[in-house]
Structures are given as structure tokens and as C-alpha cells.
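Visitor: Here it is: the structure, laid out below.
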Amino acid sequence: MRNAGASIDPPPDPFSAVRPDKSDPSSGSSSSSASSSPSGSSSGGRRGRSGDDKEPVSQPTRKKLPRGVSPLPPGVSPEAFAPTPPSSSSGKPPTLPPPAPPAEPWPMTGSPRVRWSMDDPAAQPSIVMVPDPPRRRSRLRRMFILVGGLAILFMFGYCIPATYMWGKVLPGTHVAGIAIGGMTQTEALDLVHARFDVNDQRDVPLLLGGRPVGKITPSEIGLAVDAQATVADAETGFPSPADVWRAFTGERELPLRVTSNQVKLAQEIRKVAQVIDRPVREGRIVYDGVTPRLIPPREGLALDRRGAEEAVKAAFASAPSSAALTVTTILPKAREDAFAPFMDDARRAVAAPILLTNGGRRATLTPAAVAENLVFAPGEQGDVGPRFDTHRAIGDLEAGLVGVAEAARPAGFVIEEDAPRLVPARTGKGVDVAKFDTALARLMDQGGRRVIPVSLALTPPTLTDEQALGLGVKEKVSTFTTTFRCCAARVTNIQRAARLVDGRVVKPGETFSLNEVVGRPQSSRGFVTAQAVQGDRLVTIMGGGISQLATTMYNATYLAGLEDVEHSQHVIHIPRYPPGRDAAVFYPEPDLRWRNDTQYGILVTAEATGMSVTVTLWSTKVYDKIEAETSAKTAITQPQTFTYDGGDCVPTEGAPGFTVTVTRVFSKDGAVVRRDEPQTLTYDPQARVNCTTARSPTSDPELRRPPAGNDSTPTVTPSPSPTGQKRLKKNNNDKNNEPVKNPKATPNNTKNVGNPTPKPKATKTLTPNGNGNGNGNGNGNGNGNGNGNGNGKK
Numbered sequence: 001m002r003n004a005g006a007s008i009d010p011p012p013d014p015f016s017a018v019r020p021d022k023s024d025p026s027s028g029s030s031s032s033s034a035s036s037s038p039s040g041s042s043s044g045g046r047r048g049r050s051g052d053d054k055e056p057v058s059q060p061t062r063k064k065l066p067r068g069v070s071p072l073p074p075g076v077s078p079e080a081f082a083p084t085p086p087s088s089s090s091g092k093p094p095t096l097p098p099p100a101p102p103a104e105p106w107p108m109t110g111s112p113r114v115r116w117s118m119d120d121p122a123a124q125p126s127i128v129m130v131p132d133p134p135r136r137r138s139r140l141r142r143m144f145i146l147v148g149g150l151a152i153l154f155m156f157g158y159c160i161p162a163t164y165m166w167g168k169v170l171p172g173t174h175v176a177g178i179a180i181g182g183m184t185q186t187e188a189l190d191l192v193h194a195r196f197d198v199n200d201q202r203d204v205p206l207l208l209g210g211r212p213v214g215k216i217t218p219s220e221i222g223l224a225v226d227a228q229a230t231v232a233d234a235e236t237g238f239p240s241p242a243d244v245w246r247a248f249t250g251e252r253e254l255p256l257r258v259t260s261n262q263v264k265l266a267q268e269i270r271k272v273a274q275v276i277d278r279p280v281r282e283g284r285i286v287y288d289g290v291t292p293r294l295i296p297p298r299e300g301l302a303l304d305r306r307g308a309e310e311a312v313k314a315a316f317a318s319a320p321s322s323a324a325l326t327v328t329t330i331l332p333k334a335r336e337d338a339f340a341p342f343m344d345d346a347r348r349a350v351a352a353p354i355l356l357t358n359g360g361r362r363a364t365l366t367p368a369a370v371a372e373n374l375v376f377a378p379g380e381q382g383d384v385g386p387r388f389d390t391h392r393a394i395g396d397l398e399a400g401l402v403g404v405a406e407a408a409r410p411a412g413f414v415i416e417e418d419a420p421r422l423v424p425a426r427t428g429k430g431v432d433v434a435k436f437d438t439a440l441a442r443l444m445d446q447g448g449r450r451v452i453p454v455s456l457a458l459t460p461p462t463l464t465d466e467q468a469l470g471l472g473v474k475e476k477v478s479t480f481t482t483t484f485r486c487c488a489a490r491v492t493n494i495q496r497a498a499r500l501v502d503g504r505v506v507k508p509g510e511t512f513s514l515n516e517v518v519g520r521p522q523s524s525r526g527f528v529t530a531q532a533v534q535g536d537r538l539v540t541i542m543g544g545g546i547s548q549l550a551t552t553m554y555n556a557t558y559l560a561g562l563e564d565v566e567h568s569q570h571v572i573h574i575p576r577y578p579p580g581r582d583a584a585v586f587y588p589e590p591d592l593r594w595r596n597d598t599q600y601g602i603l604v605t606a607e608a609t610g611m612s613v614t615v616t617l618w619s620t621k622v623y624d625k626i627e628a629e630t631s632a633k634t635a636i637t638q639p640q641t642f643t644y645d646g647g648d649c650v651p652t653e654g655a656p657g658f659t660v661t662v663t664r665v666f667s668k669d670g671a672v673v674r675r676d677e678p679q680t681l682t683y684d685p686q687a688r689v690n691c692t693t694a695r696s697p698t699s700d701p702e703l704r705r706p707p708a709g710n711d712s713t714p715t716v717t718p719s720p721s722p723t724g725q726k727r728l729k730k731n732n733n734d735k736n737n738e739p740v741k742n743p744k745a746t747p748n749n750t751k752n753v754g755n756p757t758p759k760p761k762a763t764k765t766l767t768p769n770g771n772g773n774g775n776g777n778g779n780g781n782g783n784g785n786g787n788g789n790g791n792g793k794k
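In terms of full-length UniProt numbering, the sequence shown has 611 at position 611, counting the first letter as 1, and numbering is strictly consecutive.
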């Protein structure tokens, strides 16, 4: 419908429905205006348009408004509706304002629509502009174009490449440096087999700081490449969008799957660690007799075993290659310069005997007793200070100071009718240890009068009856006996050490140390100088022979199934000891240490006669039977023959060296329930010695070697050995020629250990006979074989 424009009808009279108020002056003019209307009413204009002048129109009744209320809306003036003023007296028509310009509609978008009022049928229609609906067709077209473009991009960017890669290893994939991308799984598997199957035929060298320390044979430990598992890591299914993106933008390195017998690999690494590992040595001031001596600290080394296993696998994967091993340095608690201020204190402590008094009772603490129980060592925080074992030092003197009847006594056991019986404990008096230690420290620091009045204190027993009965000491668990020749000086030392060991109670979890219990062998304590085997030669030392007690105890603990913490093997085999089950000790080290790893206490009894020593352990049996399986002797090496002249020469018959393997087997209820890891030990051959001065050879195996200080010169005879070579052992002596403790021998680690001996003098001409190896000097590890060069020089 077109726009009809503005209405031509005059606006309706807003006062037509209101009755004029006679009192209102404006009502007359309003009525006049109404009467002057051509139609005679407000609806005349409507009749004029309709052409029906004859139809009467009813006038609405005008309601009278209250006084003072205007019929006009607020803000509307009555002058707006006043009648047209009369013409002027001059007869000229009044001047009218110019007509208003035609109304122009507001510019509107949309389609015009006609709206009719249903309430007033006579009202004119109104035109309403309705906005046009949005144009959706162009928007959908753009959406279709976008979706279509993305679909095409997806197809060419993912679907087609993914279909091409389906069933193949993703491009850019490598395994240990070889490219297998784009191959089928079978092709990749063949390539991995061709590259790595030959690796198990090559040994893996082990290097420490560029120096070879051993090698690993892959076939012995089951080291191999698992090609199937390696290629399986390369997924060959339908690739995901991320896989396709990674194939286009980067590379992927797959790990080479290496399999091995983990137990055997760990065993091989453990063997290497036995050569590399070096325990840390804490510095300390000890006494050589009554002369203080500083043992400087030394860093320890420990092989990174886990890293070594990974290095071996990596070297195997990239063969031919070598595995670089790493070690961890273990620092001592205190540096060497921290001990210098305490040397004067150490000398002052043993300057003279110390008199202990308790009223009229007196006891003397000798300088030797002080030196035996005093050591200057670092504490847990690295602070150096005196460490005095008061209980041990005054243990034998306490009864004299207190009285036997008043002294405290711990619970103990005696053996009656082949069974242990409890000896009740007793609370009594004892030396006040804290006050004694304070007085002794003051004496060492300041000197002065060497008299210490001891104070007594009520002392409870160190082991009560209830504690002793709860240990479960009720039956014999194991026993072992070794024999020796009668009447030698070493017998005295064996008997003395056995008395110190006898009656010891080792609680669950405690570690027994033979050197700690026996202490330093000194003449003041009943020990004598005797012959002993150190390394591969015979020496004369204070306390010689205690190693036989150590071997006897080691076998008793071995057959009791206890944990071996530390023990050291002799370099040569002594026939009276079981092969692979001997132990060498020397104060302060090497030591024999074992731990009570059961839930019961252990009573140790030791008895030495003139020809044998027996060690018995009493507790509660955990296993019915524990045995040692010993293999046949293998790798037998024949001894060399030497000829000495001189009166000190001791002829020996010699004995071959060999290798033997020992395994501990545990049985319970008639079945084997446990087997320890086998120990493989190697003994050096014992040289055959001929003396030019007639002397009857001895049958004692410990007297077959020439003394360490022999000045005679041996004559080398042809060696029965096929090669004439002897195994060289590593010399770990430090620059101060201190006895060095070897790595502890555990059930999987038993090493040849000895002690330093004087270097033998060779003042006469050595006549070589064949390309043999000369006998060299012993070292701090008991390795006494030096390598001769065949020209008579050692």
C-alpha cells in the first residue's frame, strides 16, 4: 500500500466531549467555534467525507468537570484552541501563516504494512514499517565454502598421508641410529636383526677414567637385543593426526630393548666393584705400643653399580664400544690437619701409669692399658677428640677397687651337661664412668699428678636375668674345631685369645668383632711373639696364631647360618683349614666380623687345648642343617722352586695353587630351603724352597716359607708350571706404609688379605734358571708375589 500522505481532515476538537463551563470565559469562544463548524459538530468532517449529510449524529453528553480542573492535558494552553480571530475592520482577510511543508516519513528499512485499529473502525489505517528478514542465503553459502575447504584440507593434510603411512613405521623413526621409518614391521625387524645380532659375539670392555678394569662377555650374562620388542614400540596401525604431524615435522628415537639375566649381570658388576671399591679410612691417632701414631684419613671410592649396569647395556647396544664406569668419592669425616693439635695429648696420656684410688683400695692403670683403649678419632659431626673405652680399660681393675662381693655382675651362662645354664645378674657398685672420663680428659689436656680418685655409683647389671632368659639361648647351634702342633709359642696366643672370647653374648642385631674383643696383642696382656702367616710368607709378630682362632670362629658362624660382615682369606692355602673357608686377622685390621641376624641371642664359648681350639655357638636353631658344598679344585698352578743358602733358610715342600667354589646350603624339614650365592676363591701356589745348608724340612705348613728377613739368595730352578708365570696382586699400600683395610669380604666378596712385612734383602747373586718369576716382597694386602724379569733381579 502506498503512503497516503498527511490527512486532509482538520484535527478533532479536543473540547467537543467536554461541556463548556459558563463561568469560564473561554467557554463561549469554544462554543462559538463549535457552532461555526460547517458540520455543526465535531463529526461533521467525517460526514462530509462520507457524503451522508442527512443522517443525524448523536452528540455525547459532556460531563461537567469539578471547579478548578482544566480539561486540557498538563502543559497545553487553551489559546491553542481559540477560534480564528475576526477579520479586520478594513475588510482585508487576515494574514495566515504559510502552509507547512508536506510531511516526509522517516527513512526506514523494511516493507510497509498497514495496521487497522479494531477498536475504532472509523479510524484511518496506520502504516508500520516492518524490517526485512536477514539474508541467510549468503551466510549459509559462506559456511558451506568454509566447511568444504576444511574438508579438502583434512583430506589432503591427513587422510591421504595417513592412508599412505598405514601399516608402516612412521617416517623419521630411528632405532639406535638406524632409520626404520617408512618400512613395514617385517622389514624393520630384519634390519634390526642384521644390525645387532652380532653384538653378543663382542666383549664389552669396562673403563674407569680411561683405564681398563675388566670386561663383560654378553653370552655369559644373557645380554641380547630384543628386536621384536624394539620394533613393536614403533606403532604401525592407522596413524592419528598427531602421528602424521610428528612424521612431517620431527623425528622419533625408539629405545633399543636390551635383555639380560639381571642376577648374572649384577654378579659381574659386583666382581668389578671388588676391584674398584675402596672403603673410606677415617683418620685417627693410635698407639704403636705406647707411641702415638697418626693414621691419616683417606678418601673412599664406591662404584656406581646401577650406572655400571646401564653403561654396559648402552655399550652393548652400540658395539663395538666400551662402558665408562663412574665412582663416587666418599670423604672422611675429618681432614688430616684436624689431628695435629691432639698429638701432645696422646703423648701425655701414656707418659706414666695412672693410679686409681678408692679409699684404701688402689689399682694401677698402665700406659699400655691406656694406649690399648684410647684412640683419637672424629665423631659423627667430624669433631676430633679422645675416645676411651673405660669399661674395658678398668674392667679387670673394678673388682679390686670395689670388691668382688659388692661389684655389679651381668647375667651370664655356663655350660653344664652340654646345655647352657643361667648365672643370675647382680646389682652392685661400680666406678662412675662419667666422672672418671672427665678426670682422665683433664689429665690428658693439662697434665699434673697422675692420680685419679674414682667415685662409686650404684651400677645395674648390663644384662638382667629377664633379658638373658628372653634371648633363647638353649641349645648348641654349631661347633667347629681346628688342630695345631703342640708346644709352639703361637699356642699361648691362641689360648689367651680364646679366654677373652669365651662367654660372650651377642644380642640380636649386634655385630661381633674379633679384634674388638681380643684387642691389641701385647705382652702386658699375656700375649707373646710367635710365627704367623702374613701374605704368602712367614713372619714373627706379637700375637701370632690368632688367625687360627679366627678361622675356627668363621667356620662356626658359617655353619650356624650367620651373616658374614667381614673376613679375609689367606693368600696361600693352609691344609689344616677347609678350602675356601679360612680367615686371616691382624690388629687393628683386617678383622673378622659377623652379625647376629637371627631373633635369638648367641652365646659364644671357646676352648683351647695344647693341640686344638674349638668354638661353639649356643642359641635356638632356625634351620635343621647347614652344610657347605665345596667344588673340586680347578685352575691348578704349580709352585716355583727356589734355592737359598744361609743358616736361616727353612726348606719347604711347596704346594700348588688352585681355585675352589664354596656354597652354603640351608635345610629344614628334610628339604633345601635356601642356598647362598657361591663364593669362588683362588689360592696362590706355595713356593718350594731348597736350602743349601742342610736342615730338616718341617711338616708344619706355616713353617714352609723362608722368614721375611732372610738375607740368603734363592736360586731359581726350572718351574714345573707350564708358563712359569705367577699371578700379580694389586698393591694398595699407601705412602706411609700403613696397614690398609681391604674391601670387606661378604658372602659374595672374599679377597686375599695380609699385612705389611719388611722387604727381604737380596745381597747375594741370584742365579736365574729359566724364565721364571722371582719371589717379591709382601704388601699391605698380604700379596707377596713380585714379578721377576728372568734376569735375577726382583
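Even glycine gets a Cβ: it sits at the ideal position worked out from N, Cα and C.
Give me, in chain order, the residues of the same chain whose beta-carbon lies closer than 6 Å to that of Arg674; leave out the 5 immediate sequence neighbours on both sides.
Guide: Counting from one through the sequence shown, the residue named residue 674 turns up at place 674. Setting aside the 5 residues that flank it on each side, Arg674 is surrounded in the same chain by Phe666, each with a C-beta closer than 6 Å to its C-beta; the list follows chain order.
Visitor: Between which two residues does the alpha helix (DSSP H) harbouring Glu268 extend?
Guide: Your numbering for residue 268 matches position 268 in the sequence shown. Per DSSP, Glu268 belongs to the alpha helix (DSSP H) from Gln262 to Ile276.
Visitor: Buried or exposed: which applies to Thr652, given that a residue is buried once 16 or more other Cβ atoms fall within 10 Å of its Cβ?
Guide: One-based indexing of the sequence shown puts residue 652 at position 652. The residue is buried, with at least 16 neighbouring Cβ atoms inside 10 Å.
Visitor: Below 8 Å, can you find three or more Cβ-Cβ pairs linking the segment 572-589 to the segment 610-622?
Guide: No: fewer than three Cβ pairs fall under 8 Å.
Visitor: Report the rounded CA-to-CA distance for Glu372 versus Arg525, giving the unit in angstroms.
Guide: Taking the first residue of the sequence shown as position 1, residue 372 is located at position 372. Taking the first residue of the sequence shown as position 1, residue 525 is located at position 525. Distance between the alpha carbons of Glu372 and Arg525: 10 Å.
Visitor: Can the beta-carbon of Val330 be found closer than 7 Å to that of Val384?
Guide: To locate residue 330, count along the sequence shown from 1; it is residue 330. To locate residue 384, count along the sequence shown from 1; it is residue 384. Correcting the residue type first, residue 330 is Ile in the shown sequence and not Val. Their beta carbons are not under 7 Å apart, which means Ile330 does not touch Val384 by this criterion.
Visitor: Using the C-alpha atoms, what's the distance from Arg195 back to Ile145?
Guide: Numbered from 1 along the sequence shown, position 145 holds the residue referred to as residue 145. Numbered from 1 along the sequence shown, position 195 holds the residue referred to as residue 195. The alpha-carbon atoms of Ile145 and Arg195 are separated by roughly 52 Å.
Visitor: Give me the DSSP bridge partner(s) of Met542.
Guide: As a working mapping, residue 542 is identified with position 542 in the sequence shown. Beta-bridge pairing links Met542 to Thr529.
Visitor: Using 8 Å as the Cβ pair cut-off and three pairs as the minimum, do the segment 559-570 and the segment 481-488 touch?
Guide: Fewer than three Cβ pairs drawn from the segment 559-570 and the segment 481-488 lie within less than 8 Å of each other, which leaves the two stretches out of contact.
Visitor: At what residue ranges does the segment 383-453 contain a whole run of the alpha helix (DSSP H), taking only runs of 4 or more?
Guide: 390-393, 395-402 and 433-446
Visitor: May I ask you to report which of helix, strand or coil DSSP gives Ala655?
Guide: As a first step, residue 655 is located in the sequence shown; it is residue number 655 there, counting from the start. The answer is strand: DSSP assigns Ala655 an E or B state.
Visitor: Within 10 angstroms of the Cβ of Cys486, are there 16 or more other Cβ atoms? Answer buried if so, exposed if not.
Guide: Along the sequence shown, one-based indexing puts residue 486 at 486. Residue burial is scored here from C-beta neighbours: Cys486 has fewer than 16 other C-beta atoms within 10 angstroms and is therefore classed as exposed.
Visitor: In three-state terms, what does DSSP make of Arg305?
Guide: Position 305 of the sequence shown holds residue 305. Correct three-state label for Arg305: helix.
Visitor: So, is Ser32 buried or exposed, given that buried needs 16 or more other C-beta atoms within 10 angstroms?
Guide: The count along the sequence shown starts at 1 and reaches residue 32 at position 32. With a pLDDT of only 40 at Ser32, under the threshold of 50, the placement of this residue in the model should not be trusted, and no figure is reported.
Visitor: Here's a check: name, in chain order, each residue in its chain whose Cβ is nearer than 8 Å to the Cβ of Asn493, leaving out the five neighbours to either side.
Guide: As a first step, residue 493 is located in the sequence shown; it is residue number 493 there, counting from the start. So the qualifying residues of the chain are Pro521, Phe527, Val528, Ala530, Gly543, Gly544, Gly545 and Ile546.
Visitor: Touching or not, the segment 308-326 and the segment 201-218, by the rule of three or more beta carbon pairs under 8 Å?
Guide: yes
Visitor: Compute the Euclidean distance between the alpha carbons of Asn733 and Lys621, then round it to the nearest angstrom.
Guide: Translated into positions along the sequence shown, residue 733 becomes position 733. Translated into positions along the sequence shown, residue 621 becomes position 621. Only weak support is given to the placement of Asn733: the predicted model assigns it a pLDDT of 35, under 50, and the value that follows is read from those uncertain coordinates. Cα to Cα, the separation comes out at about 43 Å.
Visitor: Does DSSP put His570 in a helix, in a strand, or in coil?
Guide: What you label residue 570 is simply residue 570 of the sequence shown in a count that begins at 1. His570: coil per DSSP, three-state reduction.
Visitor: In three-state terms, what does DSSP make of Arg46?
Guide: Taking the sequence shown and counting its residues from 1, one reaches residue 46 at position 46. Confidence at Arg46 is low in this model, with a pLDDT of 41, below 50, so the placement of that residue should be treated as unreliable; the coordinate-derived value is given next. If DSSP states are grouped into helix, strand and coil, Arg46 belongs with the helices.
Visitor: Taking all protein chains shown into account, decide if Glu336 is buried (16 or more other Cβ within 10 angstroms of its Cβ) or exposed.
Guide: Residue mapping note: residue 336 aligns to position 336 of the sequence shown, counting from 1. With fewer than 16 other Cβ atoms within 10 Å, it is exposed.
Visitor: What first and last residue would you give for the alpha helix (DSSP H) that runs through Arg496?
Guide: Taking the sequence shown and counting its residues from 1, one reaches residue 496 at position 496. Here the alpha helix (DSSP H) through Arg496 covers Ala489 to Val501.
Visitor: For Ser631, which three-state DSSP category applies?
Guide: Locating residue 631 in the sequence shown gives position 631, where the first residue counts as 1. In the structure shown, Ser631 sits in coil (DSSP, three-state: anything other than H, G, I, E or B).
Visitor: Just checking, does the segment 409-421 make contact with the segment 364-371 on the three C-beta pairs under 8 Å criterion?
Guide: no
Visitor: Do you know how far the Cα of Lys474 is from the Cα of Pro332?
Guide: Position 332 of the sequence shown, counting from 1, holds the residue named residue 332. Position 474 of the sequence shown, counting from 1, holds the residue named residue 474. Per the coordinates, the alpha-carbon of Pro332 lies some 43 Å from the alpha-carbon of Lys474.
Visitor: Please state the DSSP three-state secondary structure of Ala351.
Guide: Walking along the sequence shown from the start, residue 351 turns up at place 351. Three-state result, Ala351: coil.
Visitor: Just to confirm, is the Cβ distance from Ala489 to Thr464 under 7 Å?
Guide: Taking the sequence shown and counting its residues from 1, one reaches residue 489 at position 489. Taking the sequence shown and counting its residues from 1, one reaches residue 464 at position 464. In this structure, Thr464 does not lie closer than 7 Å to Ala489 by Cβ.
Visitor: Using CA atoms only, rank isn't needed, just tell me which of Gly283, Pro241, Tyr683 and Ala349 is closest to Thr634.
Guide: Counting from 1 along the sequence shown, the entry for residue 634 is found at position 634. Cα-wise, what sits closest to Thr634 is Tyr683.
Visitor: Roughly how many whole angstroms lie between the Cα atoms of Arg278 and Leu301?
Guide: The residue labelled residue 278 in the question sits at position 278 within the sequence shown. The residue labelled residue 301 in the question sits at position 301 within the sequence shown. Straight-line Cα distance between these residues: approximately 5 Å.
Visitor: For the segment 208-222 against the segment 263-278, are there 3 or more C-beta pairs whose distance is under 8 Å?
Guide: In short, these stretches touch, since the Cβ pair count reaches three.
Visitor: Beta carbon of Ala632, beta carbon of Arg664: below 7 Å?
Guide: Mapped onto the sequence shown, residue 632 falls at position 632. Mapped onto the sequence shown, residue 664 falls at position 664. Cβ distance not < 7 Å, so Ala632 and Arg664 don't count as in contact.
Visitor: How should Ile636 be labelled, buried or exposed, when 16 other C-beta atoms within 10 angstroms of its C-beta is the threshold for buried?
Guide: As a position in the sequence shown, residue 636 is number 636, starting the count at 1. So Ile636 ends up on the exposed side.
Visitor: Closest to Ala434 by C-alpha separation, out of Thr291, His391 and Val539, would be which residue?
Guide: Working through the sequence shown from its first residue, we reach residue 434 at position 434. The residue with the shortest Cα to Cα distance from Ala434 is His391.
Visitor: Residues in its own chain within less than 7 Å of Gly509 by CB, not counting five upstream and five downstream?
Guide: Residue numbering aside, residue 509 sits at position 509 when the sequence shown is read from its first letter. Closer than 7 Å at Cβ, skipping near neighbours: Asn596.
Visitor: Mind pulling the beta strand (DSSP E) runs of 3 or more residues that sit fully within the segment 451-481?
Guide: 451-453 and 456-459
Visitor: Is Ile221 helix, strand or coil by DSSP?
Guide: For the purposes of this step, residue 221 is identified with residue 221 of the sequence shown, where counting begins at 1. Reduced to three states, the DSSP call for Ile221 is coil.
Visitor: Pull up the CB-CB distance for Arg348 and Leu355, whole angstroms please, since I reckon it's below 8 Å.
Guide: The residue labelled residue 348 in the question sits at position 348 within the sequence shown. The residue labelled residue 355 in the question sits at position 355 within the sequence shown. About 16 Å separates the two Cβ atoms, so there is no contact after all.
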